[in-house]
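Enquirer: Taking this note's numbering, the leading residue of the sequence shown gets 262, the next gets one more, and so forth. Beta carbons are placed, not taken as given, at the ideal position from N, Cα and C, and that holds for glycine.
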Amino acid sequence: MAFHVVGGGLAGLSASVALACAPGTREIVLHEAAPRAGGRCRSWHDAGLGVEIDNGTHAVLGANDAALAYLARIGASGRVAWLDAGIDFLDLRDGACWRIDGPVDLLRLWRRGGSAATAEIALLARLLAPRRDAAVPAGLADATGLGRLAWDPLVRSIMNAAPGQAAAAPFAAALRRVLRGGRAGMRVGIARRSLAHCLVDPALDLLARRGASLRFGARLRSVGISGGVARALRFDDAEVELAAGDQALLALPPWELARCAPGLAPDCATSPIVNLHAVLDDGADDARDIAFRGLVGGRVEWVLRRGRVASATTSAASDIAGLPRDELRALLWPEVARALDLPAGAKPLRWRAVVERRATPLQDASFEARRPGIATAAGNLLLAGDWVVPGLPCTIEAAIASGVRAGEEALRRSGKARE
Ligand SMILES: Cc1cc2nc3c(=O)[nH]c(=O)nc-3n(C[C@H](O)[C@H](O)[C@H](O)COP(=O)(O)OP(=O)(O)OC[C@H]3O[C@@H](n4cnc5c(N)ncnc54)[C@H](O)[C@@H]3O)c2cc1C
């Protein structure tokens, strides 16, 4: 019996790892279209910058149970740098600074925001317990002090969509989890060296050690389904026939799945994320030197400085994603310079803007209502991906949770087929 996993992003990797780590031996084949794994969470050596960069800064939270379990399983827990002292924020409008190191700091931030406690409590209650099919309330930034300083930026970075557009239910679920986790749940972790070093390469090493086959450059074109059973996976370079008892897991983004297997994925709009990477100096590249700062009141949400590279992230960036690169730099660099307290007029040595137009689906309420879950009508075909399971924002946590769930379900089904 063979397990075919298609898509080597975090969903496909975590599904393959779950299959490889289960007791017993089995044939596992991971098929990936690109020459490298990682998907929307990837790294490469950028010849123009002369350094390794990520497609964009990715943060995990202490409350991300599935992501933490995956990191432990692939032996990469130590490859995350936890920002244990909390996160420093800067308000670009008035220069105010504060630190968030746990829920108590939100109380302090409320005092800074200056809104009445009753207004803040009413808004928080709406965010935590929304109507099922609602959007996060529009105009959060004008609603209350915490709306402006905390909730509006948090919605954009967790949902990659603006308030008024982002589905309320998955944001509420994430917020409840983070707040319930207290200080530990709010901890932010960043890949110490790169996304590949932390989240991808250790999984590939584990899979290779356990005998899984890794097929790069293998693009799925279509899935042959008949009589309620997936019969064949047709790739550019080969056709894989599925024998009785074989299981196929499609860990593709919805726009790719819709091409390969029409009807399995909902139509969805997408939402871009922009990252500006800047090499600051030509000194030693000591990646242990990590600084992270949150910004409010501008377009950049986070600035990560890792060694001599600063990376600035703007989520929900549909209004700027189409700008010429020089204009993006002119818009974002002054915010980066302020976040890093650089002297006036400081310029990066080299820079690159990475625009991920399809960073996530546009996670509005209509998309949320159409997420399918991991099962399909075919008994030997499962889905995984950040977009698949309802109720979770499209993030690393959702990708990994869906992958593990699909891997475990495939094992259960293959066990049944054998009986
Ligand atoms: C710039 C940016 C910043 C982000 N920041 C964060 C963050 O801070 N925190 C967070 O939790 N999440 C963040 N995310 C979201 C996170 O990256 C995604 O949720 C996650 O990586 C999705 O993983 P996935 O495996 O579901 O999908 P993907 O990563 O899209 O993986 C799908 C894989 O399938 C492959 N593929 C596609 N078509 C085919 C085909 N036909 N045949 C074979 N293979 C195919 C692709 O090459 C890819 O490797 C960010 C995303 C971006 C783009």
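Please look up how many angstroms separate the CB atoms of serine 579 and isoleucine 534, rounded, as I've assumed it's under 8 Å.
Expert: With 8 Å as the limit, serine 579 and isoleucine 534 do not qualify as a contact, their Cβ atoms being about 10 Å apart.
Enquirer: Is the beta carbon of isoleucine 661 less than 8 Å from the beta carbon of alanine 327?
Expert: Result yes, Cβ atoms of isoleucine 661 and alanine 327 sit closer than 8 Å.
Enquirer: Keeping to the same chain, check which residues put their C-beta closer than 8 Å to that of alanine 396; ignore five residues upstream and five downstream.
Expert: Pro424, Gly425, Gln426, Ala427, Ala428, Ala429, Asp625 and Ala626.
Enquirer: Would you mind giving the Cβ-Cβ distance between histidine 265 and valine 501, rounded to the nearest angstrom? I have them listed as a contact below 8 Å.
Expert: Yes, they are in contact, since the Cβ atoms of histidine 265 and valine 501 sit about 6 Å apart, within 8 Å.
Enquirer: I need the boundaries of the beta strand (DSSP E) containing arginine 476, first residue and last residue.
Expert: Segment 474 to 477, the beta strand (DSSP E) holding arginine 476.
Enquirer: Taking the DSSP output, what are the residues bridged to proline 622?
Expert: DSSP lists Thr531 as partners of proline 622.
Enquirer: To which residues does DSSP link threonine 575 through a beta bridge?
Expert: DSSP output for threonine 575 lists Val535 as bridge partner(s).
Enquirer: From this set, Val665, Ala620 and Leu415, which residue's C-alpha is nearest glycine 634's C-alpha?
Expert: Comparing Cα-Cα distances from glycine 634 to each of Val665, Ala620 and Leu415, the minimum goes to Val665.
Enquirer: Nearest to isoleucine 551 by alpha carbon, out of Glu562, Gly559, Gly568 and Val557?
Expert: Ranking the options by Cα distance to isoleucine 551, first place goes to Gly568.
Enquirer: Could you work out which residue in Ile451, Gly668 and Trp648 is closest to arginine 259 when comparing CA atoms only?
Expert: The requested residue 259 is not part of the displayed model; the chain covers only 262 to 680.
Enquirer: For glycine 317, is the beta carbon positioned less than 7 Å from some heavy atom of ligand 1?
Expert: Checking the Cβ of glycine 317 against ligand 1 gives yes.
Enquirer: Would you say arginine 387 touches ligand 1, meaning its beta carbon is less than 7 Å from a heavy atom?
Expert: Not so, every heavy atom of ligand 1 lies at least 7 Å from the Cβ.
Enquirer: Can you tell me whether DSSP reads tryptophan 648 as helix, strand or coil?
Expert: Coil at tryptophan 648, not helix or strand.
Enquirer: On the premise that threonine 318 lies in contact with tryptophan 612, defined as a C-beta separation below 8 Å, what is that separation, rounded to the nearest angstrom?
Expert: Actually they are not in contact, since the Cβ atoms of tryptophan 612 and threonine 318 sit about 15 Å apart, beyond 8 Å.
Enquirer: Unbroken beta strand (DSSP E) runs of length 3 or more, entirely within the region 386 to 451: which are they?
Expert: You should have found no qualifying run.
Enquirer: Mind listing, in chain order, the continuous alpha helix (DSSP H) runs of no fewer than 4 residues lying wholly within the region 461 to 518?
Expert: Here the runs fully enclosed are 462 to 470.
Enquirer: From the DSSP secondary-structure annotation, give me the bridge partner or partners of alanine 320.
Expert: Bridge partners of alanine 320: Ile451.
Enquirer: Hey, how far is the Cα of alanine 509 from the Cα of serine 663?
Expert: Whole-angstrom Cα-Cα distance: 14 Å.
Enquirer: Could you tell me the distance, in whole angstroms, from the CA atom of leucine 271 to the CA atom of alanine 377?
Expert: Straight-line Cα distance between these residues: approximately 43 Å.
Enquirer: Name, in chain order, the residues that DSSP records as bridge partners for arginine 611.
Expert: Paired residue(s): Val540.
Enquirer: Hey, would you say leucine 456 sits closer than 8 Å to aspartate 307, going by beta carbons?
Expert: No, Cβ-Cβ distance for leucine 456 and aspartate 307 is not below 8 Å.
Enquirer: Cβ of threonine 575 within 7 Å of any heavy atom in ligand 1?
Expert: No, since every heavy atom of ligand 1 falls outside the 7 Å radius drawn around the Cβ of threonine 575.
Enquirer: Looking at the secondary structure, which residues open and close the beta strand (DSSP E) in which arginine 566 lies?
Expert: Counting along the chain, the beta strand (DSSP E) containing arginine 566 begins and ends at 563 to 567.
Enquirer: So, with DSSP's three-state summary, where would you put leucine 642?
Expert: It is a strand residue.
Enquirer: Around the C-beta of phenylalanine 477, are 16 or more other C-beta atoms found within 10 angstroms, so that it is buried, or is it exposed?
Expert: The residue in question, phenylalanine 477, is exposed, as its Cβ has fewer than 16 Cβ neighbours within 10 Å.
Enquirer: Specify the secondary structure class of isoleucine 289 as computed by DSSP and reduced to three states.
Expert: Looking at isoleucine 289 - three-state DSSP - the assignment turns out to be strand.
Enquirer: How many angstroms separate the CA atom of alanine 573 from the CA atom of glycine 472?
Expert: Whole-angstrom Cα-Cα distance: 39 Å.
Enquirer: Name the residue from Arg301, Asp362, Gly374 and Ala281 whose alpha carbon lies nearest to the alpha carbon of tyrosine 331.
Expert: Checking every option, the nearest Cα to that of tyrosine 331 belongs to Ala281.
Enquirer: With distances taken Cα to Cα, identify the nearest neighbour of alanine 571 among Leu603, Glu617 and Asp497.
Expert: Nearest C-alpha to alanine 571: Leu603.
Enquirer: Just to confirm, are aspartate 362 and alanine 380 a CB contact at a threshold of 8 Å?
Expert: No, Cβ-Cβ distance for aspartate 362 and alanine 380 is not below 8 Å.
Enquirer: For the alpha helix (DSSP H) holding alanine 330, just list the boundary residues, first then last.
Expert: Per DSSP, alanine 330 belongs to the alpha helix (DSSP H) from 326 to 334.
Enquirer: Bridge partners for leucine 556 per DSSP, in chain order?
Expert: Partner(s): Leu351.
Enquirer: Using a Cβ-Cβ cutoff of less than 7 Å, which residues in the same chain neighbour alanine 298 once the five nearest sequence positions on both sides are dropped?
Expert: The residues are Gly269, Leu274, Val461 and Leu465.
Enquirer: I need the DSSP call for serine 376, collapsed to helix, strand or coil.
Expert: Correct three-state label for serine 376: coil.
Enquirer: Which whole-angstrom value is the C-beta distance of glycine 374 and leucine 407, which I expect to be below 8 Å?
Expert: Contact holds; Cβ gap of about 5 Å.
Enquirer: In terms of alpha-carbon separation, which member of Ile335, Ala445 and Leu537 lies closest to arginine 470?
Expert: Looking at the Cα atoms, Ile335 is the closest of the given residues.
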